[in-house]
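Residue numbers (UniProt numbering): 1 to 207.
Beta carbons are placed, not taken as given, at the ideal position from N, Cα and C, and that holds for glycine.
Below: one structure, written as structure tokens.
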Amino acid sequence: MTIRVLVADEQLLPLDAIAEVLSSVQDFEVVGAVNRSSMIVPVAVRRRPDVAVLGMGTAQGGFRLVRELGKRLPDCRIVLMAARPTRTLVDRAVSAGVLGVVTKQTKIPRLVDAIRDAAAGGRPAPGDTEPPAAGPAPRTLVAEQVLSEREREILRLTATGASVKEVARELYLAAGTVRNLTSGAMRKLDGRNRFDAARIAAERGLL
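Shown next, in the form of structure tokens:
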């Protein structure tokens with residue numbers, strides 16, 4: 001089954017790069033690449049994509065564009081790319097009808113998975129709640145989308161009992177950078193300390 005994909009982002013270089021890479025995916029057909037928010041809905045109505053991948057910058061006026069696209073094309077699934085997909089943003093995105101949220105720093109295979117999940121009707125779980133009982137569980141949970149790759153690497157090493165200095169040496173980072181990234185991961189996961197954050201991440205299958 002071929003998944004028809006529309007890509008939209010206000011920055012031309014990332015837009016062209018993402019569209020080109022997605023075009024090389026065997027079961028994807030990129031039916032449009034749009035860099036103006038005003039053209040997203042008209043192009044989508046003409047091209048009838050199965051999934052629209054929208055850069056957060058294209059959603060001017062909050063999630064009005066997302067809701068309009070959902071109203072005009074109810075069968076079109078939406079994946080949102082955001083620079084910093086916080087828990088609040090993800091919750092709002094889910095409420096607006098978005099079926100996937102990924103960070104713009106994600107790797108292409110993760111974006112491909114998010115598109116496939118959206119095409120299959122998967123929905124990210126808002127906040128700390130578990131995925132809905134009905135329907136397939138999404139491959140990428142909200143917490144995983146919020147954590148950066150560096151934060152996951154640090155938590156993986158922390159889970160082994162490594163000290164901050166050992167983590168810094170292993171990842172070629174300054175100890176202060178490791179502490180800052182660890183603090184960010186703790187906030188995102190509501191961990192009491194770095195080991196608690198590593199435990200939570202492990203339990204959620206993020207490591």
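### Task
Tell me where the beta strand (DSSP E) around Ala8 begins and ends.
Ile3 to Ala8
### Where Ala83 sits in the DSSP three-state scheme
coil
### Query
Looking at C-alpha atoms only, which residue of Thr103, Arg77 and Cys76 is the closest neighbour of Leu89?
Thr103
### Presumed contact (8 angstroms Cβ cut-off) between Val5 and Ile108, rounded CB distance
Not confirmed; about 13 angstroms, so no contact.
### Message
Please report the straight-line C-alpha distance between Asp190 and Arg47, rounded to a whole angstrom.
### Response
Cα to Cα, the separation comes out at about 42 angstroms.
#### Entry: Outcome for Ser37 when other beta-carbon atoms lying within 10 angstroms are tallied against a minimum of 16
buried
### Task
Taking only the alpha-carbon atoms, compute the straight-line gap between Thr86 and Tyr172 and give it to the nearest angstrom.
Computed Cα separation, rounded: 27 angstroms.
### Message
Quick check: what's the CA-CA separation for Leu157 versus Gly176?
### Response
16 angstroms
### Inter-residue Cα distance where the pair is residue 229 and Ile18
No statement about residue 229 is possible, as the shown extent of the chain runs from 1 to 207 and does not include it.
### Message
Would you say the beta carbon of Ala114 is closer than 8 angstroms to some non-hydrogen atom of the ligand ATP?
### Response
Annotation note on the ligand ATP: not contained in the displayed structure, which lists no ligands.
### Query
Buried or exposed: Arg77, going by 16 or more other Cβ atoms within 10 Å of its Cβ?
Arg77 is buried by the Cβ-count criterion.
#### Entry: Cβ-Cβ distance between Ala96 and Arg67 below 9 angstroms
yes
### Message
I'd like the list of long-range same chain contacts for Val167, defined as Cβ closer than 6 angstroms, with 5 residues on each side in sequence excluded.
### Response
Cβ neighbours of Val167 beyond the five flanking positions: Ile154, Leu157 and Val178.
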